[in-house]
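Novice: I am attaching a structure below and will ask some questions about it afterwards.
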Amino acid sequence: MSVYQGSGKGHRDENFPVASFLIAPEHRDVVMAFYRVARLADDIADHESLSPREKLDQLDLVEGSLDGASGAVPQAADLREILARRGLTDQHARELLEAFRRDAVKSRYESWDDLMDYCRYSAAPVGRFVLDVHGESRATWAASDALCAALQVINHLQDCGADYRKIDRVYLPADALAAAGLGVESLGAQACAPALLRLIHDLAERTGTLLAASRPLASQVVSTRLAVEIGVIQSLAERLTARLRLGDPLAERVALGRAAMAMAAAGGAAGALLRRLWSRPGEAVAA
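Quick note, the working numbering runs 479 ahead of the 1-based positions in the sequence shown.
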């Protein structure tokens, strides 16, 4: 069986920074290796013409190359080598593959708790991996998990119409849709019906609760550069969530323009640095 080569989408196409210049150079290669495997697996799971069985078979090939059973998937083989060289676990990559296996066979989520369980595998491993790369304490995982879940839900809300139309996948909780008197077909409209708009705004409010829980993360990590990166991502996520509380993702792409992104990034970076100076006066913090 031939291996799918991916959509061609790269890290610069993502909504949030991936291995930006803020990440120390010695960590960028391993973060990018992890990203390339995640990107490929995501492309497989979202492929519009592969059957669920074909998607699972392709994901098995990815895991086989991560295991060393084959070299069929160069991205996974490269990640395996760099993890071994740096003494890092492949646990996070494996958990991420679990999420993409779910995507291959599951297209509906029953409740917010069901969605959060999905985020435990689709989002949390990414943050945990980056923290491990930097040698950070596992005490940071709770705040990181909240931030990563928030980023995932933001993407789900932004793309709710496209996900439904292109791959018949709905991440909006089924119980919330039912309580609003809505069916999934409402996501196929050109604009949100009033009840759907209220539901999306309510889900954005719940995402804000996740972001409140993640706010201490930048102050919890030892690495100053990582703290600034987290501050940037937190700020971007909060700005996007604020827009999702007001916008209609079926009628338009709810996103930040370049100027708004730059302002949010600068504010997030400055805020992270100021909080560190305030909370750790006179304490040397590793780069």
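Ideal Cβ positions, reconstructed from N, Cα and C, are used throughout, including at glycine. Note that this is a predicted model, so its numbers are computed, not measured.
1. Do Ala-706 and Leu-752 come within 9 Å of each other at the CB atom, strictly closer than that value?
2. List the whole-angstrom C-beta distance separating Gln-669 from Ala-730, where the pair is believed to meet the contact cut-off of C-beta under 8 Å.
3. Using a Cβ-Cβ cutoff of less than 6 Å, which residues in the same chain neighbour Leu-562 once the five nearest sequence positions on both sides are dropped?
4. Please list, in chain order, all residues of the same chain as Gly-710 whose beta carbon is under 6 Å from its beta carbon, the five residues on each side excluded.
5. Opposite Arg-587 in the DSSP bridges: which residues?
6. Can you list, in chain order, the residues of its chain with a C-beta nearer than 8 Å to that of Glu-762? Leave out the 5 residues immediately preceding and following it.
7. Classify Asp-727 as helix, strand or coil using the three-state DSSP reduction.
8. Rounded to a whole number of angstroms, what is the C-alpha to C-alpha distance between Pro-616 and Leu-651?
9. I think Arg-694 touches Gln-713, with their Cβ atoms under 8 Å apart; what is that distance to the nearest whole Å?
10. Which class does Val-733 belong to by DSSP, given the choice of helix, strand or coil?
11. Does Pro-728 pass the burial test, meaning 16 or more other C-beta atoms within 10 Å, or should it be called exposed?
12. Quick one: grab the DSSP three-state call for Gln-669.
13. Count the C-beta pairs between the segment 511-528 and the segment 548-556 that are closer than 8 Å, then say yes if the count reaches three, no if not.
14. What three-state label does DSSP hand Ser-693 in the structure shown?
15. Please tell me whether Ala-716 and Ala-629 are closer than 9 Å, where the distance is taken between their beta carbons.
16. Within this structure, are the beta carbons of Leu-575 and Tyr-600 separated by less than 9 Å?
17. Quick check on this structure: which residue in Arg-507, Ala-520, Arg-580 has the alpha carbon closest to the alpha carbon of Arg-532?
Specialist: The short version:
1. Taking the sequence shown and counting its residues from 1, the one referred to as residue 752 is at position 273. Taking the sequence shown and counting its residues from 1, the one referred to as residue 706 is at position 227. Going by C-beta atoms, Leu-752 is nearer than 9 Å to Ala-706.
2. Residue 669 sits at position 190 when you count from the first residue of the sequence shown. Residue 730 sits at position 251 when you count from the first residue of the sequence shown. That belief holds up - the Cβ atoms of Gln-669 and Ala-730 are roughly 7 Å apart, short of 8 Å.
3. Residue mapping note: residue 562 aligns to position 83 of the sequence shown, counting from 1. Here the set comprises Asp-569.
4. Walking along the sequence shown from the start, residue 710 turns up at place 231. Cβ neighbours of Gly-710 beyond the five flanking positions: Ala-697, Gly-747, Ala-748, Gly-750, Ala-751.
5. Taking the sequence shown and counting its residues from 1, the one referred to as residue 587 is at position 108. BP columns for Arg-587 point to Val-649.
6. Indexing the sequence shown from 1 puts residue 762 at position 283. Annotation note: pLDDT 42 at Glu-762 (below 50); position unreliable, coordinate value reported separately. Same-chain partners within the cutoff: there are none.
7. Along the sequence shown, read from residue 1 onward, the residue named residue 727 stands at position 248. Of the three classes helix, strand and coil, the one that applies to Asp-727 here is coil, per DSSP.
8. As a position in the sequence shown, residue 616 is number 137, starting the count at 1. As a position in the sequence shown, residue 651 is number 172, starting the count at 1. Before going on, a small fix: residue 616 reads as Ser here, not Pro. Going from the Cα of Ser-616 to the Cα of Leu-651 covers about 33 Å.
9. Within the sequence shown, residue 694 is the residue found at index 215, counting from 1. Within the sequence shown, residue 713 is the residue found at index 234, counting from 1. Yes, they are in contact, since the Cβ atoms of Arg-694 and Gln-713 sit about 7 Å apart, within 8 Å.
10. Taking the sequence shown and counting its residues from 1, the one referred to as residue 733 is at position 254. If DSSP states are grouped into helix, strand and coil, Val-733 belongs with coil.
11. Start at 1 with the first residue of the sequence shown, and residue 728 comes out as number 249. Flag for Pro-728 reads buried.
12. Counting from 1 along the sequence shown, the entry for residue 669 is found at position 190. Three-state result, Gln-669: coil.
13. yes
14. Working through the sequence shown from its first residue, we reach residue 693 at position 214. It is helical.
15. Position 237 of the sequence shown, counted from the start, is the residue given in the question as residue 716. Position 150 of the sequence shown, counted from the start, is the residue given in the question as residue 629. Cβ distance < 9 Å, so Ala-716 and Ala-629 count as in contact.
16. Along the sequence shown, read from residue 1 onward, the residue named residue 575 stands at position 96. Along the sequence shown, read from residue 1 onward, the residue named residue 600 stands at position 121. Against a cut-off of 9 Å, the Cβ pair of Tyr-600 and Leu-575 comes out as a contact.
17. Your numbering for residue 532 matches position 53 in the sequence shown. The candidate whose alpha carbon is nearest that of Arg-532 is Arg-580.
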